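Participant: Have a look at this one before I ask anything.
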Amino acid sequence: MKKREPISTGAEWTFDLIAEYDHEIGRIANEYGLDTYPNQIEVITSEQMMDAYSSVGMPLNYNHWSFGKQFVDTQQNYKRGRMGLAYEIVINSNPCISYLMEENTMTMQALVIAHACYGHNSFFKGNYLFRTWTDASAIIDYLLFAKSYINRCEERYGVDAVEELLDSCHALMSYGVNRYVRPQPLTADEEKERQQAREEYIQRHLNDLWNTIPKKEGEEIPMVARFPQEPEENILYFIEKNAPLLEPWQREIVRIVRKVAQYFYPQKQTQVMNEGWACFWHYTLLHKMHDEGLVNDGFMMEFLHSHTSVVYQPPFDSPYFSGINPYTLGYNMMQDIKRICVDPTDEDREWFPEFAGKDWNETLDDAMRNYKDESFILQFLSPRLIRELKLFTIMDDAGKANLEVTSIHDESGYRKVREDLAAQYNLGNREPNIQVYNVDVRGDRSLTLRHFMYNQQPLGESSDEVLKHIHRLWGFDVHLESVLPDGTVSKSYHCPEMAQEEITESLL
Amino acid sequence: MSYIIDRRLNSKKKSTVNRQRFLRRYKKHIKDAVEDAVNNRSITDIDKGGNVTIPRRDISEPVFHHGEGGIKQKVFPGNKEFVVGDQFQRPQGGGGGGAGDGKASNQGEGEDDFTFQIDQEEFLDFMFDGLELPYLVKKQLKNTTQYETRRAGFTNAGSPDKIHIVRSLRAAHARRIALSGKERRKIRELEEEMETLRARLPDTDAESQIQHLKTEIDELKAKLKRVPFLDDFDIKYNNMIKVPVPSSKAVMFCVMDVSGSMTQSIKDMAKRFFILLYLFLKRNYKHIEVVFVRHHTHAKEVDEQEFFYSRETGGTIVSSALDLTAEIIEQRYSPSDWNIYVAQASDGDNWDGDSSKCSDVLNSRILKMVQYFAYVEITTGPHQNLWHEYEKLQASWADSFAMQQIREPSDIFPVFRSLFEKKTEGAA
Chain A
1 MKKREPISTG AEWTFDLIAE YDHEIGRIAN EYGLDTYPNQ IEVITSEQMM DAYSSVGMPL
61 NYNHWSFGKQ FVDTQQNYKR GRMGLAYEIV INSNPCISYL MEENTMTMQA LVIAHACYGH
121 NSFFKGNYLF RTWTDASAII DYLLFAKSYI NRCEERYGVD AVEELLDSCH ALMSYGVNRY
181 VRPQPLTADE EKERQQAREE YIQRHLNDLW NTIPKKEGEE IPMVARFPQE PEENILYFIE
241 KNAPLLEPWQ REIVRIVRKV AQYFYPQKQT QVMNEGWACF WHYTLLHKMH DEGLVNDGFM
301 MEFLHSHTSV VYQPPFDSPY FSGINPYTLG YNMMQDIKRI CVDPTDEDRE WFPEFAGKDW
361 NETLDDAMRN YKDESFILQF LSPRLIRELK LFTIMDDAGK ANLEVTSIHD ESGYRKVRED
421 LAAQYNLGNR EPNIQVYNVD VRGDRSLTLR HFMYNQQPLG ESSDEVLKHI HRLWGFDVHL
481 ESVLPDGTVS KSYHCPEMAQ EEITESLL
Chain B
1 MSYIIDRRLN SKKKSTVNRQ RFLRRYKKHI KDAVEDAVNN RSITDIDKGG NVTIPRRDIS
61 EPVFHHGEGG IKQKVFPGNK EFVVGDQFQR PQGGGGGGAG DGKASNQGEG EDDFTFQIDQ
121 EEFLDFMFDG LELPYLVKKQ LKNTTQYETR RAGFTNAGSP DKIHIVRSLR AAHARRIALS
181 GKERRKIREL EEEMETLRAR LPDTDAESQI QHLKTEIDEL KAKLKRVPFL DDFDIKYNNM
241 IKVPVPSSKA VMFCVMDVSG SMTQSIKDMA KRFFILLYLF LKRNYKHIEV VFVRHHTHAK
301 EVDEQEFFYS RETGGTIVSS ALDLTAEIIE QRYSPSDWNI YVAQASDGDN WDGDSSKCSD
361 VLNSRILKMV QYFAYVEITT GPHQNLWHEY EKLQASWADS FAMQQIREPS DIFPVFRSLF
421 EKKTEGAA
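Heads up: the protein sequence lines correspond to chains A and B, in order. As numbered in the UniProt record's numbering, residues 1 to 508 make up the first sequence, in order. As numbered in the UniProt record's numbering, residues 1 to 428 make up the second sequence, in order.
Take a look at the structure:
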């Protein structure tokens with residue numbers, strides 16, 4: 001192929017150059033078959049980047065002190081030089097909004113465009129979790145609705161009342177998602193129309209549930225074992241629908257927090273894949289540009305410098321170690337899949353017969369679309385990569401005096417390490433599994449939650465605080481029981497706190 | 001297809017509301033920090049911003065998470081010499097060999113206190129929060145003898161330095177369009193006619209007619225040229241009007257005893273008090289003058305340096321200073337133009353026969369002219385005769401007279417606050 005002139009050679013960027021780079025990167029991405037939302041590239045200042053940080057990356061969000069805290073924290077750390085800001089933030093919306101910092105050099109802008117506008121963007125559009133749980137075209141509208149609704153509530157009921165409620169909801173944000181029921185995406189307009197109907201419906205439905213009018217004599221009182229009949233994992237949903245004392249506007253705010261939590265749910269589960277995918281593609285796209293002569297060697301040096309520092313994994317005993325770097329793991333796995341497709345060894349053929357030697361682009365595309373971190377690792381982590389990263393598992397059993405190395409990167413350990421690593425990315429293992437177990441409908445209306453223990457891990461020390469928040473939402477007594485797999489209660493929490501004898505009594 | 005947008009010009013202060021919510025929530029912590037700063041910091045940099053530290057646990061947002069204990073399996077990279085079955089001791093203090101969950105990373109070092117900065121404006125706001133000078137409102141509504149020039153649109157007459165060029169040229173342009181409309185329309189018509197004639201060329205008749213039209217057009221064009229580019233009545237001037245504004249001038253009298261009994265540490269405390277008052281006035285008035293009056297047996301007006309740092313000895317006659325203050329007010333600071341504040345600091349010592357004279361001077365000459373008279377007695381001992389004399393005054397001048405005792409530096413700010421506490425009934 002005839003080499004072309006480099007698009008630019010200096011460090012300075014201009015809007016024309018950004019447009020030109022974007023055009024070329026987009027063309028190459030298209031040749032590779034990346035399917036993306038249209039891009040909206042926004043150039044912002046560092047201060048605006050800090051703004052974006054503090055509202056969890058969203059271009060607009062309702063007001064809450066915790067975002068202010070985040071902002072103050074970020075600003076403070078940034079000013080003192082303790083942290084740099086991300087080069088980019090990308091939002092899962094349609095069009096896909098990416099923020100570019102004005103401080104970036106032209107190379108960095110090109111890197112960010114390849115990474116965010118084509119890497120993350122295609123992931124948002126293709127991955128099944130995002131397709132199921134988020135509605136990219138409606139999110140901005142929904143946030144607008146949420147912001148103005150909460151504003152109106154503040155005007156009407158006071159900032160304090162709204163703030164308290166939001167505090168409580170935020171404490172339960174991780175428990176505002178139905179993991180297994182496919183949600184119904186809504187647009188903001190529908191949302192507004194439905195809101196009114198919902199208010200009325202819920203109030204009527206509630207009255208039914210809490211109806212205390214005595215039954216006529218002779219009428220059988222059906223023995224309801226529990227309410228809800230099956231444990232409910234979506235605590236916020238349960239509260240929204242069933243908390244006896246909440247006002248309609250409070251239910252709506254619970255719902256807003258729940259919906260926002262749902263929007264972020266896929267991101268938590270696909271961090272490794274999402275970053276790996278984006279890194280793989282910026283690497284591939286920019287190299288292709290270099291092959292075509294669109295960028296010069298200086299550009300590549302600068303790009304590779306920042307690429308390698310992003311995908312660097314410090315070893316476990318390094319002072320810089322802070323867990324496994326999702327960029328490293330994801331990027332290396334993507335490259336590894338490509339390698340297995342293009343140049344498989346015998347080991348690869350044995351471990352991955354379904355795709356060794358197949359078309360790499362199709363294999364990667366399939367992986368991107370149909371997996372989340374947990375299943376992706378379980379399916380695609382190869383022995384060779386385990387060896388390269390020298391992965392090993394340590395078991396920390398509180399019942400034993402010492403830590404123990406249970407498996408390492410050897411023949412007998414590959415599968416075990418891979419399973420352990422995958423389990424580490426299972427959201428159900430990372431966060432305590434807490435569900436609504438029972439409501440004492442006929443008695444004191446108390447709410448009982450159950451913590452189904454995983455590997456005998458107890459709850460952390462802030463549980464009592466969270467319980468207070470649940471109590472605020474529920475309005476009556478709240479109990480939380482940590483339950484071992486055999487059904488015995490190992491520890492219980494109560495809000496308001498119970499006297500000791502009451503606890504023993506309730507256990508009997 | 002990509003859209004590229006320059007957002008840098010958008011408002012930057014998107015987080016302002018959230019930040020204020022945060023400050024509002026932790027008001028108490030911040031106030032404590034500010035009070036600490038006021039008490040401990042050197043006075044000269046008191047009106048800078050400040051650091052506020054809040055314990056992490058006070059601002060954490062609780063969530064359910066796994067605690068210590070149970071069985072944890074964690075995968076680590078970078079194995080060097082471990083083989084299966086190796087055992088080693090649990091690292092002390094750490095989370096059982098595992099770094100915390102993802103949340104920990106953005107929370108810094110976990111148990112660190114949360115420290116952030118507030119700027120000068122916020123610092124002073126918190127410092128003066130809830131304080132309000134008595135009679136401020138009343139005085140502002142009264143005696144509007146001062147004026148301010150403000151812009152108020154445009155006029156057709158004025159002095160040349162007030163010419164508004166854009167408006168003038170726009171008016172001229174409009175006038176030229178208006179005056180020349182008829183001619184230009186005529187020219188257009190003639191030119192069209194000429195075009196149709198041209199189509200008939202070569203025709204001698206048409207040619208002569210074209211000639212004719214040409215001269216006509218030239219005439220019209222010449223006429224257009226005679227419309228002046230700029231006419232007298234095109235010129236617009238910025239209109240400035242005078243608006244009466246409330247009196248924004250204040251004078252502050254610092255009156256201090258410098259007799260032998262006043263030690264440097266007492267003077268330092270007095271200084272802090274004066275400076276607080278000065279900072280406070282600075283927030284409320286545009287223009288402030290400070291008059292320093294010191295006294296032992298005689299009173300003298302001095303500059304700041306001498307006021308605080310020159311040493312004197314001798315007896316104490318407080319009335320001399322009050323006399324001098326009253327004189328200065330009468331000569332230089334007419335109460336109709338100035339908001340007058342007097343702050344007096346002393347260790348309470350006075351010559352026995354003089355205290356009653358002091359209250360006379362206050363009663364008859366000073367208190368009716370001033371906004372506020374504050375007396376602080378800096379002493380650890382029992383109250384002296386001046387205090388008892390002043391106490392009698394309080395009842396009749398409740399709105400404009402206040403007195404407090406200061407024992408140690410940390411008292412200064414609370415005393416200052418109580419002296420200037422919001423007196424809404426007084427201001428109304």
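We put the CB at the ideal spot given by N, CA and C, even for glycine. None of these values were measured; they are calculated from a predicted model.
(1) By DSSP, does residue 43 (chain B) sit in helix, in strand, or in coil?
(2) Let me confirm a value: residue 36 (chain A) is counted as buried when at least 16 other C-beta atoms fall within 10 Å, else exposed. Which label applies?
(3) Give me the chain B residues within the contact set of residue 406 (chain A), using Cβ-Cβ distance strictly less than 9 Å, ordered along the chain.
(4) Mark residue 388 (chain B) as exposed unless 16 or more other C-beta atoms lie within 10 angstroms of its C-beta, in which case mark it buried.
(5) Answer with yes or no whether the minimum CB distance from residue 50 (chain B) to chain A is below 9 Å.
(6) Determine the burial state of residue 380 (chain A): buried for a count of at least 16 other Cβ atoms within 10 Å of its Cβ, exposed for fewer.
(7) Hey, quick one: how far does the beta strand (DSSP E) through residue 323 (chain A) stretch, first residue to last?
(8) Take residue 273 (chain B) as the anchor and find which of B:397, B:413 and B:332 has the nearest alpha-carbon.
(9) According to DSSP, what are the bridge partners of residue 253 (chain B)?
(10) Any idea what DSSP makes of residue 349 (chain B), helix, strand or coil?
(11) Classify residue 237 (chain B) as helix, strand or coil using the three-state DSSP reduction.
(12) Per DSSP, what kind of secondary structure is residue 105 (chain B) in: helix, strand or coil?
(13) What are the residues that DSSP puts in a beta bridge with residue 53 (chain B)?
(14) Classify residue 258 (chain A): buried if its beta carbon has 16 or more other beta carbons within 10 angstroms, exposed otherwise.
(15) Could one say the Cβ of residue 495 (chain A) lies closer than 9 Å to chain B's Cβ atoms, at least one of them?
(16) I need the DSSP call for residue 528 (chain A), collapsed to helix, strand or coil.
(17) Considering residue 274 (chain A), what are the terminal residues of the alpha helix (DSSP H) in which it resides?
(18) Under the assumption that residue 348 (chain B) contacts residue 313 (chain B) (Cβ atoms under 8 Å), give the Cβ distance between them as a whole number of angstroms.
(19) Against chain B, which members of the segment 433-461 of chain A pass a CB distance test of less than 9 Å?
(20) From residue 132 (chain B) to residue 419 (chain B), what distance separates their C-alpha atoms?
(21) Which class does residue 426 (chain A) belong to by DSSP, given the choice of helix, strand or coil?
(22) Comparing the C-beta of residue 69 (chain A) with each C-beta of chain B, is any distance below 9 Å?
(23) Could you say which of A:363, A:338 and A:299 lies nearest to residue 12 (chain A) if we only look at CA atoms?
(24) Return the CA-CA distance between residue 420 (chain A) and residue 394 (chain A), expressed in angstroms with no decimal places.
(25) With contact counted as at least three CB pairs below 8 Å, one residue from each stretch, are the segment 280-291 of chain A and the segment 373-387 of chain A in contact?
(26) Please name the residue, chosen from B:161, B:391, B:83 and B:268, that lies closest to residue 362 (chain B) on a Cα-to-Cα basis.
(27) So, residue 143 (chain A) versus residue 239 (chain A), is the Cβ gap smaller than 9 Å?
(28) Let me check understanding here. Comparing Cα to Cα, which of A:408, A:116 and A:463 lies closest to residue 433 (chain A)?
(29) Could you name the residues of the same chain whose beta carbon sits closer than 7 Å to that of residue 281 (chain B), not counting the 5 residues immediately before and after it, in chain order?
(30) Quick one: what does DSSP say residue 194 (chain B) is sitting in, helix, strand or coil?
(31) Do the CB positions of residue 68 (chain A) and residue 19 (chain B) come within less than 9 Å of each other?
(32) Following a CB-centred definition, is residue 239 (chain B) positioned closer than 8 Å to any heavy atom of the ligand PLP?
(33) Rank A:475, A:438 and A:265 by C-alpha distance to the C-alpha of residue 226 (chain A) and give the top, closest one.
(34) Give the DSSP bridge partners of residue 492 (chain A), in chain order.
(35) Restricting to Cα atoms, I'd like to know which of A:436, A:414 and A:457 is closest to residue 430 (chain A).
(36) Could you tell me whether any Cβ in chain B is nearer than 9 Å to the Cβ of residue 99 (chain A)?
Facilitator: Considering the structure as presented:
(1) Working through the second sequence from its first residue, we reach residue 43 (chain B) at position 43. At residue 43 (chain B), the pLDDT of 48 sits below 50, so the modelled position is not reliable and the matter cannot be decided from this model.
(2) Working through the first sequence from its first residue, we reach residue 36 (chain A) at position 36. The residue is buried, with at least 16 neighbouring Cβ atoms inside 10 Å.
(3) One-based indexing of the first sequence puts residue 406 (chain A) at position 406. What residue 406 (chain A) touches in chain B, judged by beta-carbon distance under 9 Å, is 73, 84 and 85, going in chain order.
(4) Counting from one through the second sequence, the residue named residue 388 (chain B) turns up at place 388. Flag for residue 388 (chain B) reads exposed.
(5) If you number the second sequence from 1, residue 50 (chain B) lands on position 50. Cβ-Cβ to chain A under 9 Å: no for residue 50 (chain B).
(6) Here the question's residue 380 (chain A) lines up with position 380 in the first sequence. Buried: at least 16 other Cβ atoms inside 10 Å.
(7) Here the question's residue 323 (chain A) lines up with position 323 in the first sequence. Careful: residue 323 (chain A) lies outside any beta strand (DSSP E) and carries neither H nor E.
(8) Along the second sequence, read from residue 1 onward, the residue named residue 273 (chain B) stands at position 273. Per the Cα distances, B:413.
(9) The sequence position of residue 253 (chain B) within the second sequence is 253, counting from 1. Partner(s): B:291 and B:342.
(10) Along the second sequence, one-based indexing puts residue 349 (chain B) at 349. In this structure, residue 349 (chain B) counts as coil in the three-state DSSP scheme.
(11) Locating residue 237 (chain B) in the second sequence gives position 237, counting from the first residue. Here residue 237 (chain B) sits in strand by DSSP.
(12) Counted from its first residue, the second sequence places residue 105 (chain B) at position 105. In this predicted model, residue 105 (chain B) has a pLDDT of only 35, less than 50, meaning its place in the structure is not dependable; the value taken from the coordinates is given anyway. Three-state result, residue 105 (chain B): helix.
(13) As a first step, residue 53 (chain B) is located in the second sequence; it is residue number 53 there, counting from the start. The partner list for residue 53 (chain B) (beta bridge, DSSP) reads B:115.
(14) Here the question's residue 258 (chain A) lines up with position 258 in the first sequence. Its Cβ being crowded by 16 or more others within 10 Å, residue 258 (chain A) is buried.
(15) For this step, residue 495 (chain A) is matched to residue 495 along the first sequence. Output row for residue 495 (chain A): interface = no.
(16) Outside the displayed range of chain A (1 to 508) lies residue 528 (chain A), so it cannot be described from this structure.
(17) Residue 274 (chain A) sits at position 274 when you count from the first residue of the first sequence. 271-291 is the span of the alpha helix (DSSP H), which, as asked, contains residue 274 (chain A).
(18) Counted from its first residue, the second sequence places residue 348 (chain B) at position 348. Counted from its first residue, the second sequence places residue 313 (chain B) at position 313. 18 Å between Cβ atoms; not a contact.
(19) 434, 451, 453, 454, 455, 456, 457, 458, 459, 460 and 461
(20) Position 132 of the second sequence, counted from the start, is the residue given in the question as residue 132 (chain B). Position 419 of the second sequence, counted from the start, is the residue given in the question as residue 419 (chain B). The predicted model places residue 132 (chain B) with a pLDDT of 49, which falls under 50 and marks its position as unreliable; any figure quoted below should be read in that light. Rounded to the nearest whole angstrom, the C-alpha separation of residue 132 (chain B) and residue 419 (chain B) is 10 Å.
(21) In the first sequence, residue 426 (chain A) corresponds to position 426, counting from 1. Residue 426 (chain A): coil per DSSP, three-state reduction.
(22) As a position in the first sequence, residue 69 (chain A) is number 69, starting the count at 1. It does; some Cβ of chain B falls within 9 Å.
(23) For this step, residue 12 (chain A) is matched to residue 12 along the first sequence. Among A:363, A:338 and A:299, the Cα nearest to that of residue 12 (chain A) belongs to A:299.
(24) Locating residue 420 (chain A) in the first sequence gives position 420, counting from the first residue. Locating residue 394 (chain A) in the first sequence gives position 394, counting from the first residue. Distance between the alpha carbons of residue 420 (chain A) and residue 394 (chain A) is about 10 Å.
(25) no
(26) Numbered from its first residue, the second sequence carries residue 362 (chain B) at position 362. Cα-wise, what sits closest to residue 362 (chain B) is B:391.
(27) Here residue 143 (chain A) refers to the residue found at position 143 when the first sequence is read from its first residue. Here residue 239 (chain A) refers to the residue found at position 239 when the first sequence is read from its first residue. No Cβ-Cβ contact shorter than 9 Å links residue 143 (chain A) with residue 239 (chain A).
(28) For the purposes of this step, residue 433 (chain A) is identified with residue 433 of the first sequence, where counting begins at 1. By alpha-carbon distance to residue 433 (chain A), the top candidate from A:408, A:116 and A:463 is A:463.
(29) In the second sequence, the residue the question calls residue 281 (chain B) occupies position 281. Cβ within range, chain order: 250, 252, 288 and 341.
(30) Position 194 of the second sequence, counting from 1, holds the residue named residue 194 (chain B). Residue 194 (chain B): helix per DSSP, three-state reduction.
(31) Taking the first sequence and counting its residues from 1, the one referred to as residue 68 (chain A) is at position 68. Taking the second sequence and counting its residues from 1, the one referred to as residue 19 (chain B) is at position 19. In contact: residue 68 (chain A) and residue 19 (chain B) (Cβ atoms closer than 9 Å).
(32) As for the ligand PLP, it is missing from this structure, which has no ligand bound.
(33) Your numbering for residue 226 (chain A) matches position 226 in the first sequence. The candidate whose alpha carbon is nearest that of residue 226 (chain A) is A:438.
(34) The count along the first sequence starts at 1 and reaches residue 492 (chain A) at position 492. A:481.
(35) Position 430 of the first sequence holds residue 430 (chain A). Residue 430 (chain A) has its Cα closest to that of A:457, out of A:436, A:414 and A:457.
(36) Working through the first sequence from its first residue, we reach residue 99 (chain A) at position 99. Look at residue 99 (chain A): its C-beta is under 9 Å from a C-beta on chain B.
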